[in-house]
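These notes are about the structure you will find just below.
Quick look at the structure:
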C-alpha cells in the first residue's frame, strides 16, 4: 500500500520492472566469492586467539611450515611498519592506522577471542587447517572485560595502555593521563534540562540493556588475492564497497590505491558488516609470500566471533512532560561497547535518541567503551535501534501515565521542517508528522485487539541517511538502450534503482537502461553501499548522466537536421523535437530512432560523471505490532505487524517493501531472540545459526508496509534512503506490546522465552 | 634506428615504458578463450562438408541425439528466417544477410570443403566428436571450381544461382541476367591510358599469381556462449572486436545488440582473420537449445579450411615510361577470388597498386570472384600485398630496362602532398618521398652485395589506414594515476599506445595511466581493432579525455583556491598554476597533489568521450632485401633485411618495430613458402602448421627497421597506423632479388624451393 501524496507524475519511478539481477540470482549464476577459482590457487586459514585478552609472547610457525603442502605463514610482522601516529580515514572518523592493523591481525596482545594472530596457506584447505594446530603461540593470559559498564569501572582490566578518553564538546574536563577503556565521551544539549524537568508534571525514567547483535548475513566473509608478478594486487571479496576494500587494503599494506584492483562480486548480505576488511589483507600477504593466489573463507563461528556485530549497550532515558502532553525535558545516557578498538556506533544512537520530537530542553550523553570482544561494525541504522529503544518505550509509558493516546502524544511533540536538533542542525522537509498521522489513521491502529495475553505496541524510528561520492558512466546502444556503468555493490536494488532514475531522466522505459557494476579499474571512485546513500547519491549521478545525454542528443539532432541547437528540445517522454522541415512538418526523433542514427552521424554518446551530493533526506518510520505471549512457554508470537515509513519517493516499491520487511525481521530478532551468549572469559557459546536465533519466515507474520512519500527536497526525484530505519522501531514497539500483554516492562533485550518465563514464574512465586 | 625529423618535443610519446599486459602474458595469467570454464558447460563440435560443392538433401541427427551425453544438434534451420533482401553492414560494405548466415552454416548447398552443415554439443568434447559421425547428411556432389580465372569462365560451375555482377562506376555495361561467379567488376581511371602508352618509350607488362595465404594466428578460433534464462546472451571469443562480435551475432540471430554481452579476452593473433564470426553464433544457438553454456574450439585444420585466409589472385600490370624515367601510363588488371561468398579484399589491391606514384594516365580494373573455397577474410593490409607485387616488380624491371637506379626511378615518380589518386582523392602530407630517400641514403642500399647466386631487391608498400569509432572513459585515482577504460581489443600495443597518449596529454609519466579493456556493457561502441585504426582513433579519444580532464582539474583548482577559472592554467608538464596567494607566492598543484585533494574537494573526476575521427594518415614503406639462392636445393636464404617506414609518430617504438618485424615475416612467408596446396576437389592438402610453411625465427635474419616520422596532420600526435604496410613490400622485393640472384623472373608466388629448383633444372635440361 502506498499512501497517496501529491507529486510530480513519473513514468518509470514508482513502477516495478523485473530486477536486472533477478535471473542470475535465482538460477545460481550470479558470482559470489566462493565461486572464485584461480589457477594454482592456495587455501588459507586463520589462527585465532583462544583467549579474550592475552599477551602474545612468541609465535613459532616452524612445524607448520614443515607440513607438506604448506606454502606460507604470516603474522603481524609481515605487515608494513607504520608510525604510531599514522591515521586512516577509510572507515569514517580518522582512526589510528595501528588500531586498524591490529584489528586485522593482533600485534602484542590478542584483545578478543577469535582475534587473528597468524594465517597459513596450503595446497588444500584441510592441510591449512591441520597447519593451524602446528603454529605454536605462547600467550600470557590477562584478565578480560566484556561488559560495557564493567569496562568503564576504574578497576577494569585495561585493553590499551595508551588509550585516553577523547572528550567531545561541549564537555569541558579532560580526563588526564590515566589509562581507560572509555575511548570517547560525547555530549549534545539544547536548552536547560534541569529547568525543563523542574517544569514537568510527569517524569518517567527507565534504563535498558541490549545485546550484541550480529547482522547474520548468509554469505560468510571471504577473500581471494592474486599478487601478480608485476606487483599488482587483484582481490575478490564479499564486500559492500569495492573501492572501500581498495582503500582499506592500500592503507593497511601501504600500497598506492592504483596498485590494487577489487573485482565486482555479488554479496550475500552485509547490512553494514561488510564495510571493513578482515581476510582481504591476509589473503594479499599470503599471496605475496607464497607467490600464488590465495583464498580464505570464514566459518560461521569465525563470522560470529571475529567480525563486527553491533554494540551491546546500556542506556538510560528520562523524559518530563506537562499534563497536556507537551514534553519539556529529556535526558539520555548511552554507553556503547565498541569491542576491542574504539569506534562504536554511538553517534547513530545519539543522533536518533530524541530525533522525532521537538524538545526545547534536552541533553544526550554518550560513551564509547572498549571491551574484550571483536571490534563492532556497522549494522543497519548503526547504533540507533538501541538508542531509540529507551525513548520510545518511555514515551509509551508517559502516554499511559498521562492517559493519552501514544500517537497523539507523539504528534503533539513531533518535530517538523525547520525544527532544531540537539546537534544544532535544522530539519529540511521531513515526513515525521505524516508518518505519525498515517499510523493514527491506519485501520490497524484503529482496530481493537482482543484476547488474553495480547498486547499492542507502537514506536518511532529515525535514520539520517547518507550522501557521499559516486562515479558513473553511460553510453547509448544502437538498439535504443543505454548501458549504465556503476561502481556500487548492489545490496538490495542498486542496479534497478539507479537504472530507473536514468530511464526516468531520459524518458525511457525502465528496461531500456542496462546497469552494469564494474571493478575498481573501470569506473571512478564510488563510496561504499551503505548508510542508505546509494539510491540517493547514485541516483544523482544517474540524473546528471541523463542530463548530459539529453544535451548531447540535442546537439546531434541539430547536426542531423542542420539547424541551430537552440531550436531542438528534449521532451520528458524521450522525444527530441526540432524545427519544421521544408514541408511544414515538425521534425522529431524518438530516442530509439536517434540512437539508431548515432553510428552513422558521428558515433555513439559516452558520458561520465562524478557526484558528491549533500542533501540526504532523513527517514522516519513508525511500527505497530500486535503480539501474544504464551504464559506456559514465554514464547512471543507476532500476530500483526504494520510498518509505516516516509520513503521520500519509492523508486522501485518492491525493493522498498523488501527493505522494510528485512529491517522489521532483524528488529524483531533484536527484540525477541537474538543475542550473544558470552561466558565470563568472553567466549560466545552460541556461535552458530542453530543457537544464535534469528527469526525465520515461520516466526513472522506477513509484514504490512505503508509507504508514505514526502519527497526529499535535496534530490531530483525526492529519494530518501529507505534501508536503515525499519530496523529501529521494532525494539520499543515489541517491548511495549509485551507490557500491554502481560504487564511486565522488560528492560533487557532480547526478551526471550526464558526471560519472559522467568518473569512470569517470579510473579507466581 | 629512428630517422631524425624536426617535430614537437614529447615526454612520453616515443619512449618505451613497460607493457601493461607484459607480465600477464609472459606468466600465462592473461585470459584467452581456452581458459573459460563455466558451471555445467557443454562442448561443441562442428559437422563440416567433405565436398567443395554439394547440394544438401537431408540432415538427420536422430542417431547423434540418441548418443548418451549429446544435448543438442543445430543446423541452419535453427537460425532465424530473414528476408532474402535483408542486408547487414557489420563487416564493411553492405552484405546480404543470407550470405552472412550461409557462411556461418550452410543452407541448401555446401560451398566449400569444411563448410559447417551442423553442430552438436555434448557433456564432453570426445562425445561431441563421436556424435559428428552419427549426424547423417545426404549430399548431391556438384562440380567445383577453386581457381579465380577458371571461375570467371562461362563454362564454370556456378556457386550462386542468383548472383549477378555488381558493376562499379565508371563501368557502364550491365551484365544481364546470366548467373556468374563474378560478384563485382570495378574500375578506377585517370587520364587517358591508351594515349599514355602511345607516348611511352619503354613498356613492361607482367602477370602474376599469388596463393591463398592464411594469417596463421597461434590461437585458433573459439567461442563460449551462455544463453541466460532471462534471454541475455554472453559470449567469450577470440576476436579483434568485442563490439564487432556483438553486432554480427545480433544481426545473424536477429537480436537487439543490448541482449548480447561480449566479454573482454586476450587474443592470440588475428591479423584481420578475427574480424568476422564463425563459432560464436553456433555456440549461442547450441546454448539456447541445450539450456547450458557451450564452448567450441577449432582445430588447426578447421582454421585452415573453414576460416578466411586472404584471396588467391591473378594480376597483370603494364607500365610505360619515357626514357628519362617519367612514367606516363599504367594499367592494372586484378582478379581476386573471394572464396564462397562475394567480398574479396580487391579494394585494398586497387587502392595500393599504383599508390606511391604520380601517374597521369592510369587504369585499374578489378574483379571479385567467388570460388568453392572458404570465404576470404581480411589479412594485414588486405589485398595490397598481391596488388602491389606486380607494380613493384614491373617498376624494378623498368628501371633495369631504362638503366636507372630503381629508387631514382621511384623518386622521379613519387607522389607527394596534393597528389591526385586514381580514386580522385588527394593526399595530405605523406612520407612517401621521405621513405624513398631514406632507402636511397641507407648504408644497406649503398653497400655492395657480393657472392654468387645472391641478389638484392627493393619494393614499396602502401596502406591507407583506418579511422572509425572509439568510445572511452577515464577517472582519476587519489594516488595520482588515471584509469583509462577501453573497448578495443589489444592486438599489438593498444593498451600502451592509448595510455601513453593520455599520459602525454596530461603531462604525466607513461606509467601513471592504467589502461583497462572492458566488455561491451561497460563502455560505448568501439570499432574493431584492425585496419590500423586503433592507435589513431583511440588516440584521439585519449587526447579528448585528456583535454576534458585538464578542464575539470582547472575548475577544481579554481574552486579550491577560490579564484576565477580563467586565472588557472594547466601546463603541459602536468602542473596546475593559479594566481598568487596573499603572500605573493604563485599557487600551484602538481597533478598528483591535486589528485590527492579530489576526494575531499568534491570527488574524483570521471569523463567519457566518443570519437569518429577522419584524417587517418596513409603509410608508405620501402623494404630492401639481400638473399641467396641455393642452386642445389632451391632454398632461398634471406641475408639482410631493412624495412623503412613512415610511421607518422611512433608512440611506443618497440611496438612499432614489432609490427614491422611481424609484417616482414608474414610477407616473406607469402613470397617464399606459404601456400594452400589444393587438390582439384578443393581439399587443402597441407592444413597443418607442419605442412603450411610459415617462416620461423630460424628462417629469418634480424630485420633492421628504420622509423621515418612524418607526422599525420590529421592527428594531435601525428599518428599513422603502422601495422599493415610492412607486409606489402616483401613480395616484390624478394621476387626481384631472386631475379637478380639467378636471373629468373618468377611470376607465381610463393617461390618455394621446389619452384626454384624446377626452374633451375629446366635451364639445365
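Protein chains in written order, with our numbering: chain H, 7 to 771; chain U, 7 to 771. Where is the CB? At the ideal position from N, CA and C, for every residue including glycine.
TODO: Please classify residue 631 (chain H): does DSSP put it in a helix, a strand, or coil?
DONE: strand
- [ ] Give the secondary structure of residue 481 (chain U) by DSSP, where H, G and I count as helix, E and B as strand, and everything else as coil.
- [x] strand
TODO: Compare the C-beta of residue 402 (chain U) against all C-beta atoms of chain H and say whether one is closer than 8 Å.
DONE: no
- [ ] Output the boundary residues of the beta strand (DSSP E) element that contains residue 412 (chain U).
- [x] Note, residue 412 (chain U): premise wrong, no beta strand (DSSP E); alpha helix (DSSP H) at 412-419.
Open item on the list: For residue 683 (chain U), count the other beta carbons within 10 Å of its own beta carbon; 16 or more makes it buried, fewer makes it exposed. Which is it?
Closed with: exposed
TODO: Along the beta strand (DSSP E) that carries residue 214 (chain H), what are the first and last residues, could you check?
DONE: 208-216
Task: Reduced DSSP category for residue 92 (chain U) - H, G, I as helix; E, B as strand; rest coil - done: coil
Open item on the list: If we define contact as Cβ-Cβ less than 8 Å, is residue 511 (chain U) a contact residue for chain H?
Closed with: no
- [ ] Kindly indicate if chain H contains any beta-carbon less than 8 Å away from that of residue 97 (chain U).
- [x] With a pLDDT of 47 at residue 97 (chain U), under the threshold of 50, the predicted position of this residue should be treated as unreliable, though the coordinate-derived value follows. No, no contact with chain H.
Open item on the list: Is it buried or exposed, residue 369 (chain U), if we count other Cβ atoms within 10 angstroms and call 16 or more buried?
Closed with: buried
- [ ] Report the three-state DSSP secondary structure of residue 772 (chain U) (helix, strand or coil).
- [x] Since the first residue of chain U shown is 7 and the last is 771, residue 772 (chain U) is not available in this structure.
- [ ] Give a yes or no on whether the minimum CB-CB distance between residue 520 (chain H) and chain U is below 8 Å.
- [x] yes
Open item on the list: Do residue 717 (chain U) and residue 621 (chain U) have their beta-carbon atoms positioned less than 8 Å apart in this structure?
Closed with: no
Task: Among U:186, U:282, U:335, the one whose alpha carbon lies nearest that of residue 200 (chain U) - done: U:335
Open item on the list: When you compare the segment 261-270 of chain H with the segment 294-314 of chain H, are there three or more beta-carbon pairs, one atom per stretch, that lie closer than 8 Å?
Closed with: no
Task: Segment limits, beta strand (DSSP E) that includes residue 237 (chain H) - done: Element bounds for residue 237 (chain H): n/a, residue is neither H nor E.
TODO: Along the alpha helix (DSSP H) that carries residue 745 (chain H), what are the first and last residues, could you check?
DONE: 736-748
Open item on the list: Please identify, using Cβ separations under 7 Å, the residues of the segment 234-250 of chain U that lie next to chain H, in order along the chain.
Closed with: 234, 235, 236
TODO: Establish whether the CB of residue 761 (chain U) and some CB of chain H are separated by less than 8 Å.
DONE: no
Open item on the list: Could you give the first and the last residue of the continuous beta strand (DSSP E) run that contains residue 647 (chain H)?
Closed with: 642-652
TODO: Taking residue 708 (chain U) as part of the alpha helix (DSSP H), name the residues at either end of that continuous run.
DONE: Run containing residue 708 (chain U): none; DSSP gives neither H nor E here.
Task: Classification of residue 10 (chain U) by the beta-carbon crowding that lies within 10 angstroms, buried from 16 upward - done: Here residue 10 (chain U) scores only 43 on pLDDT, less than 50, and its place in the model should not be relied on; the value that follows carries that caveat. The residue in question, residue 10 (chain U), is exposed, as its Cβ has fewer than 16 Cβ neighbours within 10 Å.
Task: Which listed residue (U:560, U:579, U:576, U:427) has its alpha carbon closest to that of residue 570 (chain U) - done: U:560
TODO: Mind listing the chain U neighbours of residue 620 (chain H)? Cutoff is C-beta to C-beta under 9 Å, in chain order.
DONE: In chain order: nothing, as chain U lies at least about 11 Å away.
Open item on the list: If distances are taken between C-alpha atoms only, which option among U:218, U:599, U:196 comes closest to residue 342 (chain U)?
Closed with: U:218
Open item on the list: Tell me the rounded alpha-carbon separation between residue 556 (chain H) and residue 478 (chain U).
Closed with: 19 Å
Task: Members of the segment 519-540 of chain U that neighbour chain H once the beta carbon cut-off is set at 7 Å - done: 520, 522, 524, 527, 528, 529, 530, 531
Open item on the list: Quick check: is the beta carbon of residue 611 (chain U) nearer than 8 Å to any beta carbon in chain H?
Closed with: yes
Open item on the list: Between U:203, U:485, U:710, U:322, which has its C-alpha nearest residue 660 (chain U)'s C-alpha?
Closed with: U:710
Open item on the list: Going by the DSSP bridge assignment, what does residue 614 (chain U) pair with across the sheet?
Closed with: U:479
Task: the segment 715-734 of chain U contacting the segment 461-473 of chain U, beta-carbon criterion three pairs below 8 Å - done: yes
Open item on the list: For a quick check, are the C-beta atoms of residue 416 (chain H) and residue 401 (chain H) less than 8 Å apart?
Closed with: yes
Open item on the list: Please tell me whether residue 222 (chain U) and residue 246 (chain U) are closer than 8 Å, where the distance is taken between their beta carbons.
Closed with: no
Open item on the list: So, does the segment 68-75 of chain H touch the segment 129-142 of chain H, judging by three or more C-beta pairs under 8 Å?
Closed with: yes
TODO: Tell me where the beta strand (DSSP E) around residue 65 (chain U) begins and ends.
DONE: 60-66
Open item on the list: The alpha helix (DSSP H) that contains residue 16 (chain H), what's its start and end?
Closed with: No alpha helix (DSSP H) contains residue 16 (chain H), which DSSP labels as neither H nor E.
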